[in-house]
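In our numbering, the protein residues as written are 568 to 764.
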């Protein structure tokens with residue numbers, strides 16, 4: 568593997584890299600800089616796995632993604648690695664033309680993005696990234712539904728895009744998750760939050 572460039576002026580420059588030229592491990596591209604994210608908590612992986620199996624009831628396996636990047640609006644080149652995404656057929660068709668698993672700005676958006684929230688208090692990097700930056704970025708990108716799963720606060724928030732911004736609904740305990748994208752979903756907040764415990 569060659570040494571990866573760590574600063575990018577444009578998303579196109581970053582997207583042109585071969586996967587062998589990218590750093591190993593978890594990272595995100597934030598304002599043109601590759602930022603190491605550290606290892607994912609086991610509970611995050613298990614929650615994403617549970618949701619993968621749940622969404623298999625409604626969509627084909629190839630539309631449910633972990634490890635796929637999505638470019639988001641920012642001052643400079645930025646992409647995120649959500650814990651889980653559910654693509655549309657149009658998104659997948661657009662992605663098949665590229666060598667990387669990256670949803671670029673000109674591609675159709677996924678119908679759902681899921682983030683398992685990292686621990687952190689208001690004002691911390693984790694909190695600000697998960698509760699302020701990502702909702703703003705995903706709303707600006709036009710993603711119709713965004714789930715924030717916060718095991719530390721025992722809440723699943725479903726954010727639905729309305730007139731360019733998200734309207735949030737919080738679900739706790741035995742509350743049944745209400746999803747505009749998956750109306751037939753029969754899943755409680757507790758079932759999600761207790762995964763991997």
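We treat Cβ as the ideally placed atom computed from N, Cα and C, and that holds for glycine.
Check your understanding: Would you call residue 577 buried or exposed, if buried means 16 or more other Cβ atoms sit within 10 Å of its Cβ?
Key -> Residue environment: residue 577 is assigned as exposed (fewer than 16 neighbouring CB atoms within 10 Å of its CB, all protein chains considered).
Exercise for review: Kindly identify the DSSP beta-bridge partner or partners of residue 724.
Suggested key: The partner list for residue 724 (beta bridge, DSSP) reads 715 and 737.
Review point. Where does the unbroken beta strand (DSSP E) through residue 594 begin, and where does it stop?
Key: Run containing residue 594: 594–597, per the beta strand (DSSP E) assignment.
Exercise for review: Can you tell me the Cβ-Cβ gap for residue 744 and residue 728, rounded? I've got them flagged as a contact below 8 Å.
Suggested key: So it is not a contact: roughly 17 Å between Cβ atoms.
Check your understanding: If we ignore side chains and look at the alpha-carbon of each, how far apart do residue 762 and residue 651 end up?
Key -> Distance between residue 762 and residue 651, taken at the CA atoms: about 15 Å.
Point to revise | Secondary structure of residue 656, DSSP reduced to three states | key: Here residue 656 sits in helix by DSSP.
Check your understanding: Leaving out five residues before and five after residue 582 in sequence, what residues of the same chain have Cβ atoms less than 7 Å from its Cβ?
Key -> 667, 669 and 671.
Exercise for review: Compare the beta carbon distance of residue 649 and residue 704 with 8 Å and say whether it is the shorter of the two.
Suggested key: No; because the gap between Cβ atoms is not below 8 Å, this pair is not in contact.
Exercise for review: Let me know the secondary structure DSSP gives residue 638 once reduced to three states.
Suggested key: In the three-state reduction of the DSSP assignment, residue 638 falls in the strand class.
Point to revise | Bounding residues of the beta strand (DSSP E) (the contiguous stretch that carries residue 682) | key: Where residue 682 is concerned, the enclosing beta strand (DSSP E) stretches over 679–683.
Point to revise | Rounded separation between residue 628 and residue 759 - CA only | key: So the alpha carbons of these two residues sit roughly 19 Å apart.
Review point. Quick one, which of 646, 687 and 740 has its alpha-carbon nearest residue 719's?
Key: Selection 646, 687 and 740 evaluated against residue 719 yields 687 as nearest (Cα-Cα).
Review point. For the alpha helix (DSSP H) that residue 676 lies in, which residues bound it at each end?
Key: No alpha helix (DSSP H) holds residue 676; DSSP gives it neither H nor E.
Practice item. Using the Cα positions of residue 630 and residue 735, report the straight-line distance between them to the nearest angstrom. Key: Rounded to whole angstroms, residue 630 to residue 735 spans 24 Å at the Cα level.
Check your understanding: On the three-state DSSP scale, how would you describe residue 630?
Key -> Residue 630: helix per DSSP, three-state reduction.
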